[in-house]
Amino acid sequence: MITETSNENDIRFLQVRWRKLLDQLTKQFGKEPDIEAMLFLIGLRELGRGPGKYTKEQKLDLMHIAICAILAPSGYYELSHLDQDGWPHWDSLKPLPFIDIFSQELFLKSHIVDYFAEIYEI
240 MITETSNEND IRFLQVRWRK LLDQLTKQFG KEPDIEAMLF LIGLRELGRG
290 PGKYTKEQKL DLMHIAICAI LAPSGYYELS HLDQDGWPHW DSLKPLPFID
340 IFSQELFLKS HIVDYFAEIY EI
């Protein structure tokens, strides 16, 4: 996982794993996804539903689910419960680090790669 104290080797390793993930998802979906598309996919997976018609608010909720799911293994969130419609709700356990925009992107990419590492060999 990339943190504010990560070195260049950690970042290079993340870049290699990120490229492998992009290649895998591009092969599967026919288009290279951006971070938001990946978060949307993770949200759908966590919700246990496939592609369909979602409102703008639901799409944002799916991305929030994804953020919570990818950061849960690092202790930032914990699944609280599922509501009557089956949507997960999360409790925040600790504040997210205050980091610059470049580091935020690396932080997210690192957690996304770790999430997908359970599915793909990356």
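Numbering (our numbering), first residue to last: 240 to 361. No residue lacks a Cβ here, since even glycine has one placed at the ideal position from N, Cα and C.
May I ask you to list the residues that DSSP assigns as paired with residue i?
i: S331; result: Y316
i: L321; result: P327
Determine the closest residue to residue i out of the options, with distance taken between C-alpha atoms.
i: D330; options: D339, F337, I306; result: I306
i: L335; options: Q323, R256, S319, A311; result: A311
i: D300; options: R284, Y359, G314, S313; result: R284
i: I309; options: G325, P290, V352, L321; result: V352
i: L323; options: H303, R256, L286; result: It is worth fixing the name first, because residue 323 is Gln in this sequence and not Leu. Checked all of H303, R256, L286; the closest Cα to Q323 is L286.
Look up residue i in the DSSP assignment and say whether it is helix, strand or coil.
i: G287; result: coil
i: F279; result: helix
i: Y359; result: coil
i: F268; result: helix
i: K292; result: coil
i: D273; result: coil
i: N246; result: coil
i: F252; result: helix
i: I338; result: coil
Is any beta-carbon of chain D found at less than 7 Å from that of residue i?
i: M302; result: The question asks about chain D, but that chain is absent: this structure has only one protein chain.
According to the neighbour-count rule (16 or more other Cβ atoms, all chains shown, within 10 Å of its Cβ), is residue i buried or exposed?
i: P327; result: buried
i: I358; result: exposed
i: L332; result: exposed
Report yes or no: do the stretch 347-360 and the stretch 269-281 share at least 3 C-beta pairs separated by less than 8 Å? yes
So, do the stretch 248-258 and the stretch 277-284 have three or more beta carbon pairs nearer to each other than 8 Å? no
Between the stretch 290-302 and the stretch 250-269, can you find at least three pairs of beta-carbon atoms closer than 8 Å? no
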